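The structure under discussion appears below in the form of structure tokens.
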Amino acid sequence: KFWLADTAKRIRLTLARSNVYKALPQVHGDLVFFCTSVLYMEEDAKDVARFTVIPIGQFYLSRNSAGRVDTVYRVFDMTARQMEEEFGLDNCSNQVKEAITQNRPHTYFVVVHVVEPNKKREEGRGDYRGKKYKSCWFERNAPDVEDKLLRESGYDVFPFACPRWSTTSECAYGSGPG
Numbered sequence: 003k004f005w006l007a008d009t010a011k012r013i014r015l016t017l018a019r020s021n022v023y024k025a026l027p028q029v030h031g032d033l034v035f036f037c038t039s040v041l042y043m044e045e046d047a048k049d050v051a052r053f054t055v056i057p058i059g060q061f062y063l064s065r066n067s068a069g070r071v072d073t074v075y076r077v078f079d080m081t082a083r084q085m086e087e088e089f090g091l092d093n094c095s096n097q098v099k100e101a102i103t104q105n106r107p108h109t110y111f112v113v114v115h116v117v118e119p120n121k122k123r124e125e126g127r128g129d130y131r132g133k134k135y136k137s138c139w140f141e142r143n144a145p146d147v148e149d150k151l152l153r154e155s156g157y158d159v160f161p162f163a164c165p166r167w168s169t170t171s172e173c174a175y176g177s178g179p180g
């Protein structure tokens with residue numbers, strides 16, 4: 003009983019420190035109007051956990067044979083400054099580097115983030131190759147970084163919650179009142 007009470011207290015404190023209570027109303031709104039929502043959950047050095055609601059139109063979902071969403075493709079804009087902070091300037095395209103050096107840090111670039119099952123998983127490895135899900139970030143339409151990723155990493159647990167109002171056997175997206 004004491005362990006459960008302590009664990010519940012720690013979970014409540016962690017959630018209170020995060021932005022989950024700001025994100026959940028957006029998730030519920032998307033469910034009512036669009037019948038599908040996507041919540042990205044990531045570790046954060048400052049707040050322990052950070053939750054980001056992915057807007058409708060920025061994501062593509064795919065399900066496994068059991069009907070669970072296990073793949074998310076996310077296409078969105080990031081500024082050169084955000085990309086430098088997130089990935090390091092050495093990992094960015096020449097266009098992003100140029101925007102930074104020419105004092106245009108607020109120039110937008112299209113970024114793709116893919117999280118999917120790691121079919122080439124190597125059991126026992128401590129790096130991303132041993133993770134259950136692989137995560138790849140790349141800049142779309144960057145001619146000078148062909149086949150070069152902004153970041154390649156992985157997750158032990160699928161980092162997206164993808165609630166759907168109601169589902170059919172053949173569709174990854176929800177249907178319902180919206």
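The sequence shown runs 3 to 180 under the numbering used here.
Ideal Cβ placement from N, Cα and C applies to all residues, glycine included.
Remember, it's a predicted structure, so these values are computed and weren't measured experimentally.
To the nearest angstrom, report how far apart R14 and F111 are at their CA atoms. Cα to Cα, R14 sits roughly 37 Å from F111.
Could you pull the start and end residues of the alpha helix (DSSP H) that L17 belongs to? First-last of the alpha helix (DSSP H) with L17: F4 to R19.
Mark I183 as exposed unless 16 or more other C-beta atoms lie within 10 angstroms of its C-beta, in which case mark it buried. The structure shown does not extend to residue 183, since the chain spans only 3 to 180, so no value can be given for it.
If you measure from the CB of V159, is any heavy atom of the ligand SAM nearer than 6 Å? Looking for the ligand SAM in the displayed structure turns up nothing, as the structure carries no ligands at all.
Where L6 and A25 are concerned, what is the direct C-alpha to C-alpha distance, given to the nearest angstrom? In this structure, the CA atom of L6 is about 26 Å from the CA atom of A25.
Please identify the residue among Q60, R131, Q28 and S20 whose C-alpha is closest to the C-alpha of K48. Answer by Cα proximity: S20.
Length-filtered (3 minimum) beta strand (DSSP E) runs lying within the segment 45-75: 50-56 and 61-65, all fully within the segment 45-75.
According to DSSP, is Y157 part of a helix, a strand, or is it coil? Taken through DSSP and simplified to helix, strand or coil, Y157 comes out as strand.
Three-way DSSP call (helix, strand, coil) for H30 in this model: Note: H30 maps to helix in three-state DSSP.
Smallest Cα separation from C37: which of V22, I58 and Y23? That would be I58, whose Cα lies nearest to the Cα of C37.
Looking at S177 and E141, is the spacing between their C-beta atoms short of 7 Å? Not a contact, by the Cβ cut-off of 7 Å.
Which listed residue (V113, V98, P145 and A101) has its alpha carbon closest to that of F78: The option with the nearest alpha carbon to F78 is V113.
Beta-carbon within less than 6 Å of M85's beta-carbon, same chain only, minus the 5 sequence neighbours each way: which residues are those? Counting only Cβ-Cβ distances below 6 Å, and skipping sequence neighbours, we find C94 and V98.
By how many angstroms is the C-alpha of A82 removed from the C-alpha of R106? The alpha-carbon atoms of R106 and A82 are separated by roughly 8 Å.
Output the residue ranges of the alpha helix (DSSP H) runs that lie fully inside the segment 92-140 and measure 4 residues or longer, sorted by chain position. Taking 4 residues as the shortest admissible run, the segment 92-140 contains the following complete alpha helix (DSSP H) segments, listed from N- to C-terminal end: 96-103.
Report yes if the CB atom of V29 is closer than 7 Å to the CB atom of L41, and no otherwise. Going by C-beta atoms, V29 is nearer than 7 Å to L41.
Within 10 Å of its beta-carbon, does A18 have 16 or more other beta-carbons around it, so buried, or fewer, so exposed? Exposed is the call here.
Spatial neighbours of R153 within its chain, please: C-beta separation below 6 Å, excluding the five flanking residues on both sides. F89 and W139.
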